[in-house]
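Step one of this worksheet: look at the structure below.
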């Protein structure tokens, strides 16, 4: 069976699962109890301090293409419609303030997809055909022509891309991260963002995954170690106070 046939088979199986109303349930109360205990331990040891906000933010979405945000694909997130609605609030506030916005999507090219990573031996990366409509940034986010779409091959928005260099050129000091999935691409992007020296903000309710419990755990852990996880409302309020004159360079300027 070719990679293309295998990808079609996986997509078909995912659509069948969605048609049957498949979903996952988890014990929210149990998670909250566990996190409360862990938070106590972290606080005693100095974890979870606040990074706060800088003066020049940018926004990056992580794999908020249709393969993750629409129904019927192997990578579909269970809470896709909810996170798109919340992410749109942040994006619209950013657009109004003139904040730079960068979208990313993970995809592979050509009939044989020679650029597939070793990762494909573990999960169905071959279902991410870069020329497929599944790779379009989800229309629910209302992507604008001036917002670049960066095509990546691995988890982090930074790995093998020009994102860090572009943010440095603009003078960005804060990166707002939204998208999917919590356990992989979002987490790696958040860790790299902090590693590159950006204050990193994750709006709660804008992060997706295929299993809800995974979202809760990763938000908790990222907030303890790598980012500030805050409400959408707080991020929108912050963006409303941004003056776009803080950036070093704007599109069209020389």
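Residue numbers (full-length UniProt numbering): 1 to 254.
Beta carbons are placed, not taken as given, at the ideal position from N, Cα and C, and that holds for glycine.
From the DSSP output, which residues share a beta bridge with residue i?
| i | result |
| --- | --- |
| residue 255 | Because the chain is modelled from 1 through 254, residue 255 falls outside the range shown and cannot be assessed. |
| residue 57 | 174 |
| residue 200 | 175 |
| residue 137 | 65 |
| residue 228 | 201 |
| residue 180 | 208 |
| residue 257 | Past the boundaries of the shown model lies residue 257; the chain is included only from 1 to 254, so the question cannot be answered. |
| residue 129 | 108 |
Mark residue i as exposed unless 16 or more other C-beta atoms lie within 10 angstroms of its C-beta, in which case mark it buried.
| i | result |
| --- | --- |
| residue 45 | exposed |
| residue 21 | Legend: pLDDT at residue 21 = 49, less than 50; position of this residue unreliable, no value from coordinates given. |
| residue 145 | exposed |
| residue 94 | buried |
| residue 216 | buried |
| residue 212 | buried |
| residue 117 | exposed |
| residue 63 | buried |
| residue 129 | buried |
| residue 241 | exposed |
| residue 66 | buried |
| residue 243 | exposed |
| residue 30 | exposed |
| residue 248 | exposed |
Hey, how far is the Cα of residue i from the Cα of residue j?
| i | j | result |
| --- | --- | --- |
| residue 102 | residue 32 | 33 Å |
| residue 246 | residue 108 | 36 Å |
| residue 234 | residue 39 | 21 Å |
| residue 200 | residue 228 | 6 Å |
| residue 152 | residue 178 | 16 Å |
| residue 115 | residue 186 | 21 Å |
| residue 204 | residue 36 | 17 Å |
| residue 73 | residue 168 | 35 Å |
| residue 132 | residue 98 | 30 Å |
| residue 221 | residue 140 | 29 Å |
| residue 137 | residue 58 | 18 Å |
| residue 171 | residue 76 | 34 Å |
| residue 225 | residue 189 | 14 Å |
| residue 180 | residue 91 | 16 Å |
| residue 70 | residue 209 | 12 Å |
| residue 105 | residue 166 | 17 Å |
| residue 256 | residue 89 | There is no way to answer for residue 256, as the model of the chain reaches only from 1 to 254. |
| residue 7 | residue 127 | Confidence at residue 7 is low in this model, with a pLDDT of 47, below 50, so its placement is unreliable and the value that follows should be read with caution. Approximately 5 Å, taken between the alpha carbons. |
| residue 142 | residue 236 | 17 Å |
| residue 218 | residue 154 | 19 Å |
| residue 60 | residue 173 | 13 Å |
| residue 214 | residue 96 | 32 Å |
| residue 81 | residue 206 | 10 Å |
| residue 68 | residue 49 | 31 Å |
Is there at least one Cβ from chain C nearer than 8 Å to residue i's Cβ?
| i | result |
| --- | --- |
| residue 194 | In the structure shown, chain C does not exist; there is a single protein chain. |
Is the number of C-beta pairs between the segment 155–162 and the segment 82–91 that are closer than 8 Å three or more?
-> The segment 155–162 makes no contact with the segment 82–91: fewer than 3 CB pairs, one atom from each, lie closer than 8 Å.
Counting Cβ pairs, one atom from each stretch, are 3 or more of them under 8 Å apart for the segment 120–135 and the segment 44–59?
-> The segment 120–135 vs the segment 44–59: no contact.
Check whether the segment 195–209 touches the segment 52–71, taking contact to mean three or more Cβ pairs, one atom from each stretch, closer than 8 Å.
-> They touch, by the three-pair rule.
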